[in-house]
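Below: the structure, in structure tokens.
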Amino acid sequence: MFENLTWLTGVRHCPSPNFDTRPSNIEIELLVIHSISLPPNQFGGSFIDQLFTNSLDKNANPYFADIVNLKVSAHLLIRRDGEVIQ
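Numbering-wise (the working numbering), the sequence shown opens with residue 118 and increments by one.
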């Protein structure tokens, strides 16, 4: 499942510039699951991917003007259709 303890195999990769180096010898102890739709209550599309890669167009929706400068990412994104993106 893991190629080099960094990337999962068999899933789409969408590298984000928003990450820090994990300290050595630290084990994963917690999985946090969030729910997100962009714009709110609209599902599908690529806006979440764009937010995680700092490429969200603030003019695509009025809501985006408030979040366009956020620097966020996720270890995994599980889309409503079950697709996993890392």
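A virtual CB, placed ideally from N, CA and C, is assigned to each residue, including glycine.
Excluding sequence positions up to five away, which residues of its chain have a Cβ less than 6 Å from the Cβ of residue i?
{"i": "residue 203", "result": "125, 128, 130, 193"}
Going by DSSP, name the residue or residues bridged to residue i.
{"i": "residue 201", "result": "195"}
Taking residue i as part of the alpha helix (DSSP H), name the residues at either end of that continuous run.
{"i": "residue 182", "result": "181 to 184"}
{"i": "residue 168", "result": "164 to 169"}
Compare the C-alpha of residue i against each of the options and name the closest.
{"i": "residue 150", "options": "191, 178, 199, 200", "result": "191"}
{"i": "residue 135", "options": "170, 183, 141, 186", "result": "170"}
{"i": "residue 180", "options": "154, 161, 123, 195", "result": "154"}
{"i": "residue 189", "options": "201, 166, 143, 200", "result": "166"}
Roughly how many angstroms lie between the CA atoms of residue i and residue j, to the nearest whole one?
{"i": "residue 183", "j": "residue 174", "result": "11 Å"}
{"i": "residue 148", "j": "residue 138", "result": "18 Å"}
{"i": "residue 158", "j": "residue 132", "result": "25 Å"}
Excluding five sequence neighbours on each side, which residues of the same chain lie with their C-beta closer than 8 Å to the C-beta of residue i?
{"i": "residue 187", "result": "168"}
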